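This report concerns only the one structure given below.
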Amino acid sequence: MNLSIKNVPDELVQRLRERAKRHHCSLQGELLAILEEALSPKCLTVEEAYRRIQVLGLKTEEEAAALVREERNAR
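Residues in the sequence shown are numbered consecutively from 37, following the numbering used here.
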């Protein structure tokens, strides 16, 4: 599939070209790498997991452990 982005500012295009050059790849390859990184699942740190648990309002260790296990199994 091909994607197109219109009206990209010249400064942004130049920064993308420089980034691609630093990574020894084409502009297209760099853009694909950026998209893959932006959309890849992230591993949670202990602190991030704890914050999510607090936001969800989990009260017991069992509930918290189940959430952590679910996140781990999703990888």
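From the three backbone atoms N, C-alpha and C, an ideal C-beta is built for every residue, glycine too.
None of the values given here were measured: they were computed from a predicted structure.
Since I believe Leu80 is in contact with Ile89 (beta carbons under 8 angstroms), could you give me their beta-carbon distance rounded to a whole number of angstroms? Between Leu80 and Ile89 the Cβ distance is about 10 angstroms, and since that is not below 8 angstroms, they are no contact.
What residues in its chain sit with their C-beta under 7 angstroms from that of Leu63, if we drop five residues either side in the sequence? Annotation for Leu63: Leu52, Arg53 and Ala56 place their beta carbon closer than 7 angstroms to its own, counting only its chain and skipping 5 residues before and after.
From Leu39, Asn38 and Leu67, residue whose alpha carbon lies closest to that of Leu48: Ranking the options by Cα distance to Leu48, first place goes to Leu67.
Measuring straight from C-alpha to C-alpha, what distance separates His60 and Lys95? Going from the Cα of His60 to the Cα of Lys95 covers about 50 angstroms.
Selection from Ala69, Lys78, Asp46 and Ala100 that minimises the alpha carbon distance to Tyr86: Of the candidates Ala69, Lys78, Asp46 and Ala100, the one whose C-alpha sits nearest the C-alpha of Tyr86 is Ala100.
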